[in-house]
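Read through the structure below, which is laid out as C-alpha cells, and then see the notes.
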Amino acid sequence: NAGVTQTPKFRILKIGQSMTLQCAQDMNHNYMYWYRQDPGMGLKLIYYSVGAGITDKGEVPNGYNVSRSTTEDFPLRLELAAPSQTSVYFCASRSRVYEQYFGPGTRLTVT
Amino acid sequence: DQQVKQNSPSLSVQEGRISILNCDYTNSMFDYFLWYKKYPAEGPTFLISISSIKDKNEDGRFTVFLNKSAKHLSLHIVPSQPGDSAVYFCAASDGSGTYKYIFGTGTRLKVLA
C-alpha cells in the first residue's frame with residue numbers, strides 16, 4: 026500500500042513551458058485534492074475532485090487544469106508556466122472521514 | 149481574507165515541557181478542525197481532529213481544545229519531545245458538502261533537548 030504518490034519530486038521549468046504533475050493513490054479514496062504551498066504560507070487549494078469525472082475549483086485555480094478519469098489518478102496540468110507558479114505542490118486524498126493523506130510533494134521552480 | 153490564522157510563526161519549548169499551539173478562525177460555519185504535522189521535504193501528516201460538537205479530544209500526548217465562542221482552538225503536546233520539532237498546521241472544514249479545507253499558515257515548533 027503506497028498511499029499517495031507524486032511525480033516528479035523536483036522540476037525546473039522555463040517561463041511558458043507546460044507540464045503535468047502526476048498524483049496517484051491506491052486507497053480507493055473518492056476525494057482528491059491539489060494544494061500549493063508558498064514559503065511561509067499555508068496550503069492553498071488549487072482544485073479538488075469528489076470522484077471520477079467530477080472536479081471543481083479551489084481557492085487558486087488560475088493557470089492550472091485537472092482531470093479525473095479514474096479513481097486512482099488526479100493529474101495537475103500547468104499551461105504556460107509563470108514565475109508565480111514556483112511553489113511546492115501537494116496532492117492529497119481522503120475517504121469519507123475528514124482526514125486527508127498527503128503525498129510527498131513536487132517542488133517546482135519556474136525561471 | 150485569512151479565515152484560519154496561526155499568529156505565532158514559531159515556538160521553542162524545552163524537552164519534557166508542554167507545547168501549546170494556537171489557531172483562530174473567523175467562519176462560524178466551520179464544524180470540523182484538524183491538526184497536521186509537517187517535516188521538511190515531506191507531505192503533511194494527520195495528527196488529531198475535533199468536531200464542533202466537542203470541546204476536547206485527546207490522543208496520547210496530543211490534546212486539542214476547541215472554544216467555539218472565541219473561535220479558537222489549541223493543540224497541547226505533553227510532554228514535548230525533540231521528534232515533535234516540525235511545522236504544525238491547523239485546518240478547518242465547513243462540512244456543508246464542499247469537501248474543502250482551509251489551512252492556517254503554520255507554526256514551527258522546536259523542542260530543545
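Protein chains in written order, with our numbering: chain D, 26 to 136; chain G, 149 to 261. For each residue, glycine too, the CB sits at the ideal point set by N, CA and C.
Cβ separation of residue i and residue j, assumed to be a contact under 8 Å, to the nearest whole Å
i      : j      : result
I198/G : L221/G : 7 Å
L38/D  : V113/D : Actually they do not touch by this definition, with Cβ atoms about 14 Å apart.
D242/G : F178/G : 5 Å
N53/D  : T96/D  : 6 Å
Beta-ladder partner(s) of residue i, from DSSP
i      : result
F127/D : A117/D
M57/D  : S74/D and S118/D
D207/G : F210/G
Short CB-CB distance (under 8 Å) between residue i and chain D
i      : result
G208/G : no
T253/G : yes
DSSP three-state assignment for residue i, whether helix, strand or coil
i      : result
D232/G : helix
Q154/G : coil
Q110/D : helix
A239/G : strand
K216/G : coil
N87/D  : coil
Cutoff 8 Å: residue i Cβ touching any chain B Cβ
i     : result
V91/D : You won't find chain B in this structure, because its protein chains are D and G.
First and last residue of the uninterrupted beta strand (DSSP E) at residue i
i      : result
I79/D  : I79 to K82
I225/G : H220 to I225
K186/G : Y180 to K186
I37/D  : F35 to L38
V29/D  : V29 to T32
Interface flag, residue i vs chain G, CB-CB below 8 Å
i      : result
Y123/D : yes
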